[in-house]
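Residue numbers (the UniProt record's numbering): 1 to 175. No residue lacks a Cβ here, since even glycine has one placed at the ideal position from N, Cα and C.
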Amino acid sequence: MKIYVTTTSYRGIREALGTTKLFDLKLIPEFDARGEWLEKLELVCELSGVADTAQVIPLRLTGGAFAVYQQMTPEDRKQSKKIKETLLAAFAVDRFVAYRQLTTRKLRSDESIDVFLAGLRRLSSLAGGASESLLGCVFVAGLPEHVQGALWADVRMEDLNLCQLLARAKAVLAN
Numbered sequence: 001m002k003i004y005v006t007t008t009s010y011r012g013i014r015e016a017l018g019t020t021k022l023f024d025l026k027l028i029p030e031f032d033a034r035g036e037w038l039e040k041l042e043l044v045c046e047l048s049g050v051a052d053t054a055q056v057i058p059l060r061l062t063g064g065a066f067a068v069y070q071q072m073t074p075e076d077r078k079q080s081k082k083i084k085e086t087l088l089a090a091f092a093v094d095r096f097v098a099y100r101q102l103t104t105r106k107l108r109s110d111e112s113i114d115v116f117l118a119g120l121r122r123l124s125s126l127a128g129g130a131s132e133s134l135l136g137c138v139f140v141a142g143l144p145e146h147v148q149g150a151l152w153a154d155v156r157m158e159d160l161n162l163c164q165l166l167a168r169a170k171a172v173l174a175n
């Protein structure tokens with residue numbers, strides 16, 4: 001598979017891998033050791049018609065991630081599955097750390113409530129999974145105290161599913 005390079009964008013060099021389509025590699029952020037980085041890379045490659053992500057991944061690795069990649073055998077460097085496994089083994093959060101982060105996670109002042117819940121779902125998955133009910137408890141516990149108080153004042157709170165808790169919390173935060 002060949003890399004075609006053209007300098008047509010104010011954003012920098014645009015590259016395509018094995019297709020006549022072009023895409024800006026800067027759509028893929030540099031590797032940040034988070035699981036969603038791989039998902040974003042795969043999505044950008046899929047939408048851009050790039051079939052072999054093994055040729056794109058090393059272009060966005062820096063620092064320790066690139067050092068880990070360089071230690072791989074030449075055969076493994078050609079297999080995107082092997083690259084992903086190696087990066088995840090080196091940088092992924094283990095389930096115990098994920099559980100600790102899940103149980104102590106709080107909504108940040110600059111964070112949307114939807115992003116907060118998505119982060120809780122990701123941590124829950126990394127920790128081995130949690131029921132919708134337990135995730136609802138973790139979600140409420142991570143909200144600011146005034147929002148928790150408003151939700152606890154609702155006598156039906158235990159009957160609410162996670163989507164309903166999210167909607168109620170959004171309503172409280174909007175006021």
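> For I113, which residues from the same chain have a beta carbon less than 7 Å from its beta carbon, with the 5 sequence-adjacent residues on both sides left out?
Replying inline: Cβ neighbours of I113 beyond the five flanking positions: L107, L166, A169, K170 and L173.
> D110 bridges to which residues according to DSSP?
Replying inline: Beta-bridge pairing links D110 to no other residue.
>> L41 and I28 - do their beta-carbons sit closer together than 9 Å?
In response: Cβ atoms of I28 and L41: closer than 9 Å.
>> Count Cβ pairs between the stretch 89-97 and the stretch 117-135 that sit closer than 8 Å; are there 3 or more?
In response: Yes, the stretch 89-97 is in contact with the stretch 117-135.
> Where do the ends of the alpha helix (DSSP H) carrying T104 lie?
Replying inline: Residues R95 to T104.
> Can you tell me whether R100 is buried or exposed, with buried defined as 16 or more other CB within 10 angstroms of its CB?
Replying inline: Here R100 is exposed. Its C-beta has fewer than 16 other C-beta atoms within 10 Å.
>> Less than 9 Å between the C-beta atoms of V91 and V56, yes or no?
In response: The sequence as given places Phe at residue 91; Val does not occur at that position. In this structure, V56 does not lie closer than 9 Å to F91 by Cβ.
> Exposed or buried, which one is G136 when buried takes at least 16 other CB atoms within 10 Å?
Replying inline: Buried is the call here.
> Ordered along the chain, which non-local residues of its own chain (more than five positions away) have a Cβ less than 7 Å from that of A150?
Replying inline: Non-local C-beta neighbours of A150 in its own chain, meaning closer than 7 Å and more than five positions away in sequence, comprise V172, ordered along the chain.
> Going by the beta-carbon positions, is the gap between R77 and F31 smaller than 9 Å?
Replying inline: Cβ distance not < 9 Å, so R77 and F31 don't count as in contact.
> Are F66 and P74 touching if we call contact CB-CB under 9 Å?
Replying inline: The beta carbons of F66 and P74 sit no closer together than 9 Å.
>> Please report the straight-line C-alpha distance between E145 and G49, rounded to a whole angstrom.
In response: Straight-line Cα distance between these residues: approximately 47 Å.
> When you compare each of C45, L38, W37 and E36 to D24 by their alpha carbons, which one comes out closest?
Replying inline: Checked all of C45, L38, W37 and E36; the closest Cα to D24 is C45.
>> Buried or exposed for L87, going by 16 or more other Cβ atoms inside 10 Å?
In response: Classification for L87: buried.
>> If contacts are defined as beta-carbon pairs under 8 Å, then E132 and L102 qualify, I think. What distance do you get, rounded to the angstrom?
In response: The pair is not a contact, with the Cβ atoms about 14 Å apart (cut-off 8 Å).
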